[in-house]
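One structure below.
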Amino acid sequence: MSRYLVNKFLFTIDRDPDLVERYRTDPAGTVAWWEAVQANQLLNCIAGEASTWLEFTDDERAALSAHDHVALFEMGAHPFLTLTLWIAMFERDHSEPLAMQLDYAARLAHVTQPYPDIAT
Amino acid sequence: MARLVAILATTHHPFYYKTSQLPPDQAPPFAAEWVRKVAAYRQTLTRARPDVLVMVGSDHFHQLWLDNMPQFLVGKAPFYDANYYNEEREFGLPRLLLKGHEELSAYILRGGIDKGFDLAFSNELRVDHSITCPIFTVRPQNDLPIVPVYTNIFAPPLPRPERFVKLGQAIRELIDAWPSDLRVAVIGTGHLSLELGGPRQFGPHGPDPEFDARAVEWIASGDIGGCLASVTLDSLHAPGNATHGFMDFMLMMGVAGFARADYADNLDLFHTMEAYFTWYPNGAGA
Numbered sequence: 000m001s002r003y004l005v006n007k008f009l010f011t012i013d014r015d016p017d018l019v020e021r022y023r024t025d026p027a028g029t030v031a032w033w034e035a036v037q038a039n040q041l042l043n044c045i046a047g048e049a050s051t052w053l054e055f056t057d058d059e060r061a062a063l064s065a066h067d068h069v070a071l072f073e074m075g076a077h078p079f080l081t082l083t084l085w086i087a088m089f090e091r092d093h094s095e096p097l098a099m100q101l102d103y104a105a106r107l108a109h110v111t112q113p114y115p116d117i118a119t
Numbered sequence: 000m001a002r003l004v005a006i007l008a009t010t011h012h013p014f015y016y017k018t019s020q021l022p023p024d025q026a027p028p029f030a031a032e033w034v035r036k037v038a039a040y041r042q043t044l045t046r047a048r049p050d051v052l053v054m055v056g057s058d059h060f061h062q063l064w065l066d067n068m069p070q071f072l073v074g075k076a077p078f079y080d081a082n083y084y085n086e087e088r089e090f091g092l093p094r095l096l097l098k099g100h101e102e103l104s105a106y107i108l109r110g111g112i113d114k115g116f117d118l119a120f121s122n123e124l125r126v127d128h129s130i131t132c133p134i135f136t137v138r139p140q141n142d143l144p145i146v147p148v149y150t151n152i153f154a155p156p157l158p159r160p161e162r163f164v165k166l167g168q169a170i171r172e173l174i175d176a177w178p179s180d181l182r183v184a185v186i187g188t189g190h191l192s193l194e195l196g197g198p199r200q201f202g203p204h205g206p207d208p209e210f211d212a213r214a215v216e217w218i219a220s221g222d223i224g225g226c227l228a229s230v231t232l233d234s235l236h237a238p239g240n241a242t243h244g245f246m247d248f249m250l251m252m253g254v255a256g257f258a259r260a261d262y263a264d265n266l267d268l269f270h271t272m273e274a275y276f277t278w279y280p281n282g283a284g285a
């Protein structure tokens, strides 16, 4: 389980307008590129000081590559990060206000408390 | 000594700014009452004539991240840029520049550490909508220097509710003892029941109206005993998965010394309940 790395992916994509569009249109390619090039980048350091050990599990890679927000929730990805990025990518595809957010919630309707642990 | 002239505790609703800017024919049906309530609430700060604002909020994974996450952090900088690309994108919030008050920041840091809170600090902090929402609502002219105080209500492991209350009490003691002739207001924002990214989000009300009713009563009456008897880190998951933001309200109850609020109002909205509280610790005419 590399819940931290899933959150790091969501965090670094969400804060970059170009990466939001890239992830929307090419999720699998963006995940593969990000894991190969960005995953080990220590965010407050120069590139030469990168980490050496971070990688997704197969399930995490698959969920991110499939835009599967339900699987991400069940894995304990931080719900705020997932929601914010999903709004950025997919709200535009819905014509009614909050339709995207309500659809997002409906797909999680089977979830019962306690929700998956999000601690990292 | 400095004079603590007002304490404001409120929800922060990032959609308020955009909603309040809409012409009446485009505004949703709840907009007029919302704007009216916020205008009334703004008066509770204006009448106190503050010189400086201590502002309690919580970064939403903007500058503070999981590779280096402080539990409590005080900004100490001459200026604070504010709002982020994803807040412009999602909420239509404009970017701001706020002035800082470094002397009060340094005083709170020194005094807080000496009182047993190992406060983190930042000399270059870009604050987010947890700080700017109350600027838009209660001080839209953005003319006062601030001291931002960030709490972690977002990235577990979190401090327990009791710790938030104690930090609020410590902030109150420090301000009361600050050797200054300035008039200080403390403004803190949090949440009542709230769900983000889960099955209960964006419903017609907050996810747990019963919790909201109890929470409003705890805050308005200063009932910290009842609140602490009912609220734990674990129990806060039940009203909604983002309800830990309620601990910022508990911090503000500590600042207010568990007094009954001098002003209390709320507004039931979609997604979450809005709530507005003000205390005048030295009297409304101080």
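Chains as they are written, first to last, in numbering that gives the first Met the number 0: chain A, 0 to 119; chain B, 0 to 285.
We treat Cβ as the ideally placed atom computed from N, Cα and C, and that holds for glycine.
Quick caveat, the model's predicted, so the values are computed rather than measured.
query	result
9 angstroms Cβ cutoff met for leucine 53 of chain A and tyrosine 3 of chain A	yes
Contact set between the segment 228-252 of chain B and chain A, restricted to residues whose Cβ is under 8 angstroms from the partner	His236, Ala237, Asn240 and Ala241
Pick from A:Pro113, A:Ala87 and A:Phe89 that is closest to glutamate 73 of chain A, judged by C-alpha positions	A:Pro113
Residue from B:Val254, B:Lys36, B:Pro77 and B:Asp127 with nearest C-alpha to glutamine 62 of chain B	B:Asp127
DSSP state of glycine 189 of chain B mapped onto helix, strand, coil	strand
Proximal residues of chain B, C-beta to C-beta of arginine 14 of chain A below 7 angstroms	Tyr84 and Asn85
Supposed contact pair leucine 250 of chain B and glycine 202 of chain B - C-beta distance, whole angstroms, cut 8 angstroms	Not a contact, Cβ separation roughly 27 angstroms.
Segment contact, 8 angstroms Cβ cut-off, at least three pairs: the segment 69-77 of chain B with the segment 111-128 of chain B	yes
For tryptophan 217 of chain B, three-class secondary structure by DSSP	helix
Cutoff 9 angstroms: leucine 18 of chain A Cβ touching any chain B Cβ	no
The segment 187-201 of chain B contacting the segment 98-110 of chain A, beta-carbon criterion three pairs below 8 angstroms	yes
CB-CB length for alanine 274 of chain B against threonine 10 of chain B, believed under 8 angstroms	5 angstroms
Inter-residue Cα distance where the pair is alanine 212 of chain B and glycine 205 of chain B	11 angstroms
Stretch-stretch touch, CB-based, cutoff 8 angstroms, three pairs: the segment 172-189 of chain B with the segment 88-100 of chain A	no
Any C-beta of chain B under 9 angstroms from that of tyrosine 22 of chain A	no
Cut-off 8 angstroms between Cβ atoms - residues of its own chain near tryptophan 32 of chain A, not counting five sequence neighbours on either side	none
Given histidine 59 of chain B as reference, the closest of A:Leu82, A:Glu59, A:Ala65 and A:Pro26 once Cα atoms are compared	A:Leu82
Tyrosine 40 of chain B, enclosing alpha helix (DSSP H) - first and last residue	30-45
Assumed close pair valine 146 of chain B, histidine 100 of chain B - CB separation to whole angstroms, cut-off 8 angstroms	6 angstroms
Any chain A beta carbon closer than 9 angstroms to proline 160 of chain B	no
Three-state secondary structure (DSSP) of isoleucine 145 of chain B	strand
Which of helix, strand or coil DSSP assigns to lysine 17 of chain B	helix
For phenylalanine 248 of chain B, the three-state DSSP class (helix, strand or coil)	helix
Own chain partners of threonine 131 of chain B with C-beta closer than 7 angstroms, once the 5 adjacent residues on each side are dropped	Ala81, Asn82, Leu92 and Leu95
Cα-Cα separation between glycine 282 of chain B and tryptophan 85 of chain A, rounded to whole angstroms	47 angstroms
Inter-stretch contact (C-beta, 8 angstroms, three-pair minimum) for the segment 171-181 of chain B and the segment 0-10 of chain B	yes
Chain B contact for isoleucine 45 of chain A (CB, 9 angstroms cutoff)	no
For valine 4 of chain B, the first and last residue of its enclosing beta strand (DSSP E)	2-10
Sequence-distant residues of the same chain with beta carbon closer than 8 angstroms to valine 215 of chain B, five excluded per side	Leu191, Ala263, Asn265, Met272 and Ala274
Beta bridge counterpart(s) of asparagine 265 of chain B as assigned by DSSP	B:Ala274
Own chain partners of alanine 260 of chain B with C-beta closer than 6 angstroms, once the 5 adjacent residues on each side are dropped	Ala219, Phe276 and Trp278
Segments assigned alpha helix (DSSP H), at least 4 residues, entirely inside the segment 14-69 of chain A	16-24, 26-36 and 57-64
Reduced DSSP category for tyrosine 79 of chain B - H, G, I as helix; E, B as strand; rest coil	strand
Beta-carbon gap between glycine 56 of chain B and threonine 150 of chain B smaller than 9 angstroms	yes
Alpha carbon of isoleucine 45 of chain A to alpha carbon of glutamine 37 of chain A, nearest angstrom	12 angstroms
Straight-line Cα distance separating leucine 103 of chain B from proline 144 of chain B	10 angstroms
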